[in-house]
Amino acid sequence: MATIPRRDPRWFYDAARATGFVRSIVRWRGTILGSVAVVTLAVTVLATTVVGAAVVGGSIATVGNVLDHVTIPPAPAQARTTFLFDDTGEHLTNLHAGINRIPIPLGAISPMFRHAVIAIEDRNFYHEGGVSVIGTIRAAFQDLAHHSLVQGGSTITQQYVKQIYTGSQPTFSRKIKEALIAERLSHLYSKNQILNRYLNTVYFGNGAYGAQAAAETYFSKPASQLTAGQSALLAGLVQSPASYDPVVYPGQAQRRRNVVLEAMARQGYLTLADAANLEARHFKLHLQRSGVDSTPAAYFVRYATHAMQQRFGYNQTFTGGLKVTTTLDPTMQAAAERAVASHLLLPTDPSAALVAIDPTSGAIRAMVGGRDFTHVKFNLATQAMRQEGSAFKTFTLTAAVEQGISLNSIWRGPPQLTVGDQRCVDTTTNTPWNVSNFADESAGTMPLRSAIAGSVNTIFAQVVTTVGPPAVVDVAHRMGITSKLQPFCSITLGSQATTPLQMADAYATLASNGVHHRPQVLAKVVAPGGKVLAQLDPTGNQALTPEVAATVTSALQGVIQFGTGTAANIGRPEAGKTGTGQNFQDAWFCGYVPQLATCVWVGYPAGEIPMQGIEGFADVFGGSIPALIWHDFMAAALANTPVQDFPVPPPDTPGGRYGILSPTPFPTPLLTPAALFSPTP
Numbered sequence: 147m148a149t150i151p152r153r154d155p156r157w158f159y160d161a162a163r164a165t166g167f168v169r170s171i172v173r174w175r176g177t178i179l180g181s182v183a184v185v186t187l188a189v190t191v192l193a194t195t196v197v198g199a200a201v202v203g204g205s206i207a208t209v210g211n212v213l214d215h216v217t218i219p220p221a222p223a224q225a226r227t228t229f230l231f232d233d234t235g236e237h238l239t240n241l242h243a244g245i246n247r248i249p250i251p252l253g254a255i256s257p258m259f260r261h262a263v264i265a266i267e268d269r270n271f272y273h274e275g276g277v278s279v280i281g282t283i284r285a286a287f288q289d290l291a292h293h294s295l296v297q298g299g300s301t302i303t304q305q306y307v308k309q310i311y312t313g314s315q316p317t318f319s320r321k322i323k324e325a326l327i328a329e330r331l332s333h334l335y336s337k338n339q340i341l342n343r344y345l346n347t348v349y350f351g352n353g354a355y356g357a358q359a360a361a362e363t364y365f366s367k368p369a370s371q372l373t374a375g376q377s378a379l380l381a382g383l384v385q386s387p388a389s390y391d392p393v394v395y396p397g398q399a400q401r402r403r404n405v406v407l408e409a410m411a412r413q414g415y416l417t418l419a420d421a422a423n424l425e426a427r428h429f430k431l432h433l434q435r436s437g438v439d440s441t442p443a444a445y446f447v448r449y450a451t452h453a454m455q456q457r458f459g460y461n462q463t464f465t466g467g468l469k470v471t472t473t474l475d476p477t478m479q480a481a482a483e484r485a486v487a488s489h490l491l492l493p494t495d496p497s498a499a500l501v502a503i504d505p506t507s508g509a510i511r512a513m514v515g516g517r518d519f520t521h522v523k524f525n526l527a528t529q530a531m532r533q534e535g536s537a538f539k540t541f542t543l544t545a546a547v548e549q550g551i552s553l554n555s556i557w558r559g560p561p562q563l564t565v566g567d568q569r570c571v572d573t574t575t576n577t578p579w580n581v582s583n584f585a586d587e588s589a590g591t592m593p594l595r596s597a598i599a600g601s602v603n604t605i606f607a608q609v610v611t612t613v614g615p616p617a618v619v620d621v622a623h624r625m626g627i628t629s630k631l632q633p634f635c636s637i638t639l640g641s642q643a644t645t646p647l648q649m650a651d652a653y654a655t656l657a658s659n660g661v662h663h664r665p666q667v668l669a670k671v672v673a674p675g676g677k678v679l680a681q682l683d684p685t686g687n688q689a690l691t692p693e694v695a696a697t698v699t700s701a702l703q704g705v706i707q708f709g710t711g712t713a714a715n716i717g718r719p720e721a722g723k724t725g726t727g728q729n730f731q732d733a734w735f736c737g738y739v740p741q742l743a744t745c746v747w748v749g750y751p752a753g754e755i756p757m758q759g760i761e762g763f764a765d766v767f768g769g770s771i772p773a774l775i776w777h778d779f780m781a782a783a784l785a786n787t788p789v790q791d792f793p794v795p796p797p798d799t800p801g802g803r804y805g806i807l808s809p810t811p812f813p814t815p816l817l818t819p820a821a822l823f824s825p826t827p
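If you're matching positions, the sequence shown starts at 147 in my numbering and goes up one per residue.
Structure follows, in structure tokens:
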């Protein structure tokens, strides 16, 4: 008679964890007798547990007492997928950290899918307890024959226990613990409750845990809509998701699916004819595009995800099962993308960024961060620090109005100007500040209102020295600019860098009558239990007086009515400002109506590349492509929004004469006109 070779005794039982009477058999475990004793003990315990309820007399109480004393450890928190929605409730994307799990009630799972899983994994699920005695005996002797714990023999309940409570270590003690907990669960919960938990937990490959995630991953549909063939394919993955991966190994997956279909027919869930018909067909996958790359508003979604992490941390964002309603308006987002695409047609054209903000709350309604998120993740709307050009003159104008300088004040704007004020000296060369007007900017003697409309550099060089650069920095920061700004005279010409988001935020402060609202992307965040974790906060702070905001707005209306931004005119009360960076490297248009503030930037992502010969424009400046994009977006975004007037500003005050026209001499030569007709760059 052949003997079973002796092996290291640790193959069958973890002696270090042995306690009580179990330790007494450790000395036998290296022999046939010991192995049989252990198997017999296992079968006896399991059989007694399962059939104990059928035993008369005192045995019933004994089994009940045993199960009553089985301690079920607390179930660890399972990672859940977080959902992002737009402000209409439409789904944007899911967030998870490689574990895509979407718990749903059993009623939301196709009955055919439930049948398929039961047919292939545990055909007696509804007729046995938590442990299958026959299956356990068969598995035990298979393990004995292989000298290791290789045979499963697990019911659905045991599989659930293994996944949640005990793990899958190949030890006898773990098997006993698994069986006892499984039987205890079968006394505490109904079969449907256990099946529901199992179907929300089991792994189907490709990061999909549970029926809903699997249905969405492989077929882009909810679990309630799975067909018999689809159900069989997914049920076949449970045994080995990697081996039967339908994406990588379609042949193996199809053969395994057919095994499941045959099992379903044997159990009466399908007719033999239906099963044969399905077996003859090749399955078709409809893989779900997942992640930020697949969303229509990818730059916004990435920004919202970052905001989630800052607020709630990585774990809760990606594993907390949160339901997040964002501030994104899908109609405005589509309009923004169309407006950008229609004016920058060629792959060689510059890129654009656009941010639209609700000035009454700070809610970001639309965001374009670049040409193609799948290739370039860098968000030009929130990360690109670019010179604003003359769009920054708005802050100088606001500082002047705060200091009582009237829009009717008279200034002289020669084509070129040398500023000798020590505050404006170029510290790198120790030379005076030389200012020139761009070719698209007018010059001459005019009121401040006309100077902002015409974006006259040489006049605003005088304004900044009059109000002081620190005042401009202060105003910009109060209105929403968060970049670090230096109090240099050149700040009025946009020589320092900010982002389109910051500029849109600052202009929104003017649209909201001087109230600044922090930009927000999270409208509502709800935990799985229904607790509201966060909501949009519409409160703001009064950054400017309403009178100052109304006065500045009235001046910026002239930019669109008769100044450098006429291309932006959409035929309703609107205000804005153009901006053009040095050598036409950056071009801006920032503007607003009472209900919406939008900023558009156009330029090359690499920076420092002049925009010349683009879409019919010899040079791209703020009043060209950026203003046209702004026009098209705002016209579409506001199509169903009632026309609203801006607040009436205070009456104009007498102007006075400022700068080089001031009747009061400056203590030192402050401004010196250069040749009035020298060429301008």
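For glycine and all other residues, C-beta sits at the position ideal for the given N, C-alpha and C. As the structure is a prediction and not an experimental result, all values here were calculated from the model.
- Short of 6 angstroms from the beta carbon of Phe606, and not among the five residues preceding or following it, lie these beta carbons of its own chain, in chain order: Lys539, Thr542 and Thr638.
- Sixteen is the threshold: when 16 or more other Cβ atoms of the shown chains lie within 10 Å of the Cβ of Asp268, as they do, the residue is buried.
- Contact between Ala221 and Ile310 holds: their C-beta atoms lie close to 5 angstroms from each other, under 8 angstroms.
- Asp778 and Thr699 have their C-alpha atoms some 21 angstroms from each other.
- In the DSSP assignment, Val678 forms a beta bridge with Val672.
- The beta carbon of His623 lies closer than 6 angstroms to none in the same chain, with the five residues before and after it left out.
- Comparing alpha-carbon positions, the option among Tyr415, Ile266 and Gly600 lying closest to Arg403 turns out to be Ile266.
- The beta carbons of Tyr449 and Phe519 sit no closer together than 8 angstroms.
- Taking a cut-off of 8 angstroms for Cβ pairs, the region 480-498 and the region 231-240 do not touch, as fewer than three such pairs fall below it.
- Looking only at Ile322, Val384, Thr217 and Gln315, the smallest Cα-Cα distance to Ile264 is reached by Val384.
- Judged by DSSP secondary structure, Lys723 falls within the beta strand (DSSP E) whose first and last residues are Ala721 to Thr726.
- Where Leu774 is concerned, the enclosing alpha helix (DSSP H) starts and stops at Ile771 to Ala783.
- Look at the beta carbons and you see the region 718-731 touching the region 762-777: at least three pairs across the two are nearer than 8 angstroms.
- The beta carbon of Pro392 sits closer than 7 angstroms to those of Tyr364, Leu379, Ala399, Phe429 and Leu431, all from its chain and outside the five residues before and after it, given in chain order.
- Between the alpha carbons of Gly508 and Gln666 lies a distance of about 6 angstroms.
- As DSSP reads the structure, Asn580 sits in a beta bridge with Thr564.
- By DSSP's assignment, Leu742 forms a beta bridge with Val739.
- Between Val470 and Gln224, the alpha-carbon positions lie close to 19 angstroms from each other.
- By the criterion of a C-beta distance shorter than 6 angstroms, Thr655 is surrounded in its chain by Met625, Gly626, His662 and Ala689, once the five residues flanking it on both sides are discounted.
- For the pair of segments examined, the region 732-739 was found to touch the region 523-538: the number of CB pairs separated by less than 8 angstroms reaches three.
- Contact annotation: Val447 and Leu230 have beta-carbon atoms nearer than 8 angstroms.
- Residue environment for Ser629: exposed (fewer than 16 other C-beta atoms within 10 angstroms of its C-beta).
- Non-local C-beta neighbours of Lys367 in its own chain, meaning closer than 7 angstroms and more than five positions away in sequence, comprise Ala361, ordered along the chain.
- Linking Thr472 to Arg664 through their CA atoms gives a straight-line distance of about 15 angstroms.
- Pro751 and Val522 do touch by the CB rule: their CB atoms are close to 7 angstroms apart, below 8 angstroms.
- Relative to the Cα of Val406, the nearest Cα in the group His261, Asp798, Gly737 and Gly676 belongs to His261.
- Selection Ser808, Ser319 and Phe634 evaluated against Thr574 yields Phe634 as nearest (Cα-Cα).
- Taken atom to atom, the span from the alpha-carbon of Gln456 to that of Ala669 is near 15 angstroms.
- DSSP places Asn246 in the strand class (E or B) of the three-state scheme.
- A straight line joining the alpha-carbon of Cys570 with that of Ser582 spans about 15 angstroms.
- DSSP places Thr451 within a helical segment (H, G or I) once states are collapsed to three.
- For Thr506, same chain residues with a beta-carbon under 8 angstroms away, outside a window of 5 residues either side, are Ser658, His663, Pro684 and Gln741 in chain order.
- Within the region 413-485, the beta strand (DSSP E) runs of at least 3 residues that lie entirely inside it are, in chain order, 469-472.
- Between the region 701-716 and the region 451-466 there are fewer than three inter-stretch CB-CB distances shorter than 8 angstroms, so the stretches are not counted as touching.
- Taking the C-beta atoms as reference points, Thr645 is found nearer than 8 angstroms to Thr528.
- Counting only the Cα atoms, Leu345 lies some 52 angstroms from Tyr738.
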